[in-house]
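Chemist:
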Amino acid sequence: NKLTAPDVDRFVYTQLPRFKVDFPKYVPYRLIGCVAGLSVKEAVEKYAERKGLYVLTQNAGTAKLANSPRFKEKVFA
Numbered sequence: 025n026k027l028t029a030p031d032v033d034r035f036v037y038t039q040l041p042r043f044k045v046d047f048p049k050y051v052p053y054r055l056i057g058c059v060a061g062l063s064v065k066e067a068v069e070k071y072a073e074r075k076g077l078y079v080l081t082q083n084a085g086t087a088k089l090a091n092s093p094r095f096k097e098k099v100f101a
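Per the numbering used here, numbering through the sequence shown is continuous, rising by one, with the last residue being 101.
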């Protein structure tokens, strides 16, 4: 599964805004986002991070958080 910049955009601009509409019981909660892929190019990792998303990638058969130590997540709603 390869994560691309259009995947990130679709998640940020289409899927995240619909989340609290589709799941109204979560309206009172903060919403943060995370994208993941088995294969994620460094440019896409940085792009997703600039959008305020956590990024998960594969690392030796396990999941690894790819964000930089200074990353600050965005609260979407």
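Note that CB positions come from ideal geometry on N, CA and C, so glycine has one too.
It should be emphasised that the depicted structure is a prediction, and the values quoted were computed from it without experimental measurement.
Beta carbon of T86, beta carbon of V64: below 8 Å?
Modeler: Here residue 86 is taken as the residue at index 62 of the sequence shown, counted from 1. Here residue 64 is taken as the residue at index 40 of the sequence shown, counted from 1. Taking 8 Å as the Cβ cut-off, T86 and V64 do not qualify as a contacting pair.
Chemist: I'd like to know whether the C-beta atoms of F100 and L27 end up nearer to each other than 8 Å.
Modeler: In the sequence shown, the residue the question calls residue 100 occupies position 76. In the sequence shown, the residue the question calls residue 27 occupies position 3. Contact flag unset, no.
Chemist: Give a single yes or no on whether T38 has its beta carbon closer than 7 Å to a heavy atom of the ligand FAD.
Modeler: In the structure shown, the ligand FAD is absent, as is every other ligand, since no ligand is present at all.
Chemist: Quick check: the Cα distance between V36 and K75, rounded to an integer number of angstroms?
Modeler: For this step, residue 36 is matched to residue 12 along the sequence shown. For this step, residue 75 is matched to residue 51 along the sequence shown. Distance between the alpha carbons of V36 and K75 is about 8 Å.
Chemist: For the stretch 42-70, which segments carrying the beta strand (DSSP E) assignment without a break, of at least 3 residues, lie completely within its bounds, in sequence order?
Modeler: Runs of beta strand (DSSP E) with 3 or more residues, each lying fully within the stretch 42-70, are found at 58-61, listed in chain order.
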